[in-house]
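Asks:
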Amino acid sequence: MRVGIAASAATLLAAVAAPVAHADNTRLNNGVVANVYTVQHEAGCTGDVKKNPALTQAAEWHADDVLNNRSLDGDLGSDGSTPQSRAAAAGFKGTVTQTVAINPALAINNLDVINQWYYDPAAFAIMSNCANTAMGVWSVNSLDRSVLVAVYGQPA
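So the sequence shown is residues -23 to -1, 1 to 133, counted in mature numbering (1 follows the signal peptide of the UniProt record, and there is no 0).
#1: Taking the alpha-carbon positions, what's the N12 to E37 distance?
#2: Using the Cα positions of I1 and S116, report the straight-line distance between them to the nearest angstrom.
#3: Quick check for students: name the residue ranges of the alpha helix (DSSP H) that lie wholly in the region 44 to 105, counting only runs of 4 or more.
#4: Got a sec? Which residues, its chain only, sit under 6 Å from V16 by beta carbon, not counting five neighbours each side?
#5: Is the beta carbon of V124 sitting closer than 9 Å to the one on A78?
#6: DSSP beta-bridge partners for G113?
#7: Do you know how far the Cα of D25 is from the Cα of residue 155?
#8: Might you give, ordered along the chain, the residues of its own chain that have their beta carbon closer than 7 Å to the beta carbon of G8, omitting 5 neighbours on each side?
#9: Taking the alpha carbon of Y96 as the reference point, which residue from N109, T3, T76, K70 has its own alpha carbon closest?
#10: Using a 10 Å radius around the Cβ and a threshold of 16 neighbouring Cβ atoms, would you call D50 buried or exposed?
#11: Please work out which residues of its chain come closer than 6 Å, Cβ to Cβ, to L5, disregarding the five sequence neighbours upstream and downstream, and give them in chain order.
#12: According to DSSP, is V(-21) helix, strand or coil?
#13: Under three-state DSSP, which class holds N6?
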């Protein structure tokens, strides 16, 4: 009996001590860019939204911040940073906007993301804005929270 309790305690401790589940979210991130392309073209846009490394870096910084600071759920970072200031710090020149998706589970998928943004008028306006021709997406996961941040840019 003591061995079973000790093993259960060790398993619980290991689960609690593992803050981030490192997964390769490349497919998810690329899928979000593809979904935004579709939304833009359904809105009448004729250009292509392209992945931008500086915007991806800004999205990564904020996704990590939101994952690790449970009080965050929008644009403002724990250090007071904004999507614009993070993008500028990453080297992007131009105007930016951002959408954030949070799922209270280990995983998040394209359907979760699109359902959160498509039916939110503010997020939909950002996604469907034809002027947003550059984009960076980053997603991170912990055992009980998944965060995806998309930063949209209008290059100067």
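Think of the CB as a built atom: it goes at the ideal place given N, C-alpha and C, for glycine as much as any other residue.
Replies: Taking the coordinates as given:
#1: 19 Å
#2: The sequence shown places Asp at residue 1, rather than the Ile named in the question. Approximately 9 Å between the Cα atoms of the pair.
#3: 60 to 66, 87 to 95, 98 to 104
#4: M104, S105
#5: yes
#6: V128
#7: Missing from the structure shown is residue 155; the chain here goes from -23 to 133 and no further.
#8: N87
#9: Across the set N109, T3, T76, K70, the C-alpha of T76 shows the shortest separation from the C-alpha of Y96.
#10: exposed
#11: S116
#12: Caution is warranted here: a pLDDT of 48 is assigned to V(-21), below 50, making its placement in the model unreliable, and no coordinate value can be reported.
#13: helix
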